[in-house]
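Residue numbers (our numbering): 95 to 166.
Just below is one structure, and these are the notes that go with it.
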Amino acid sequence: MNHFLFLGSIGWGEILIVLLLVILLFGGKKIPELMKGLGKGVKSFKEGMKDVEDDMKEIKKEIETETPKEKK
(Lines of atoms letter the chains of each structure in order from A and count residues from 1; the text may use other names and numbers.)
(Lines give C-alpha, C1' and ligand atoms only; values in the text may rest on other atoms or scores of the structure.)
Protein backbone atom coordinates (compact mmCIF):
# COMPACT_ATOMS: atom_id res chain seq x y z
CA MET A 1 0.00 0.00 0.00
CA ASN A 2 2.85 2.41 -0.69
CA HIS A 3 0.90 4.77 -2.93
CA PHE A 4 1.05 8.51 -3.15
CA LEU A 5 -2.31 9.98 -2.25
CA PHE A 6 -2.12 12.76 -4.85
CA LEU A 7 -1.22 10.32 -7.64
CA GLY A 8 -3.98 7.80 -7.11
CA SER A 9 -2.87 4.21 -7.68
CA ILE A 10 0.66 4.94 -8.94
CA GLY A 11 3.23 3.05 -6.87
CA TRP A 12 7.00 3.14 -6.47
CA GLY A 13 7.59 0.87 -9.45
CA GLU A 14 5.80 3.15 -11.86
CA ILE A 15 7.55 6.23 -10.48
CA LEU A 16 10.93 4.51 -10.88
CA ILE A 17 10.15 3.61 -14.50
CA VAL A 18 9.14 7.20 -15.28
CA LEU A 19 12.32 8.55 -13.69
CA LEU A 20 14.46 6.13 -15.69
CA LEU A 21 12.70 7.14 -18.91
CA VAL A 22 13.28 10.82 -18.15
CA ILE A 23 16.98 10.18 -17.57
CA LEU A 24 17.24 8.18 -20.80
CA LEU A 25 15.37 10.76 -22.87
CA PHE A 26 16.95 13.94 -21.55
CA GLY A 27 20.26 12.78 -20.13
CA GLY A 28 21.73 13.63 -16.75
CA LYS A 29 22.93 17.08 -17.84
CA LYS A 30 19.56 18.33 -19.07
CA ILE A 31 17.52 17.35 -16.00
CA PRO A 32 18.72 20.27 -13.82
CA GLU A 33 17.85 22.67 -16.65
CA LEU A 34 14.40 21.13 -16.95
CA MET A 35 13.80 21.40 -13.20
CA LYS A 36 14.99 25.02 -13.21
CA GLY A 37 12.54 25.83 -16.00
CA LEU A 38 9.76 24.01 -14.18
CA GLY A 39 10.52 25.96 -11.00
CA LYS A 40 10.41 29.27 -12.88
CA GLY A 41 7.10 28.28 -14.42
CA VAL A 42 5.57 27.40 -11.05
CA LYS A 43 6.87 30.65 -9.55
CA SER A 44 5.40 32.66 -12.43
CA PHE A 45 2.06 30.86 -12.03
CA LYS A 46 1.96 31.59 -8.30
CA GLU A 47 2.75 35.28 -8.92
CA GLY A 48 -0.04 35.43 -11.49
CA MET A 49 -2.50 33.85 -9.08
CA LYS A 50 -1.47 36.31 -6.36
CA ASP A 51 -2.06 39.22 -8.75
CA VAL A 52 -5.53 37.89 -9.58
CA GLU A 53 -6.34 37.48 -5.87
CA ASP A 54 -5.15 41.04 -5.16
CA ASP A 55 -7.30 42.39 -8.00
CA MET A 56 -10.32 40.48 -6.69
CA LYS A 57 -9.77 41.88 -3.18
CA GLU A 58 -9.57 45.42 -4.59
CA ILE A 59 -12.79 44.93 -6.56
CA LYS A 60 -14.53 43.52 -3.49
CA LYS A 61 -13.36 46.48 -1.40
CA GLU A 62 -14.61 48.95 -4.05
CA ILE A 63 -18.00 47.24 -4.14
CA GLU A 64 -18.28 47.28 -0.34
CA THR A 65 -17.37 50.98 -0.11
CA GLU A 66 -19.92 52.09 -2.73
CA THR A 67 -22.90 53.94 -1.32
CA PRO A 68 -25.75 51.59 -0.48
CA LYS A 69 -28.87 51.76 -2.62
CA GLU A 70 -31.86 53.61 -1.17
CA LYS A 71 -34.47 51.41 0.49
CA LYS A 72 -38.11 51.87 -0.49
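For every residue, glycine included, the Cβ atom is placed at its ideal position computed from N, Cα and C.
Using a threshold of 9 Å, state whether the C-beta atoms of residue i and residue j are closer than that.
i	j	result
I125	V136	no
F120	L128	yes
From residue i to residue j, what does the alpha carbon distance come to, in whole angstroms?
i	j	result
I130	M150	The question names Ile, yet the displayed sequence has Lys at residue 130. Straight-line Cα distance between these residues: approximately 30 Å.
E152	E141	17 Å
I109	V146	34 Å
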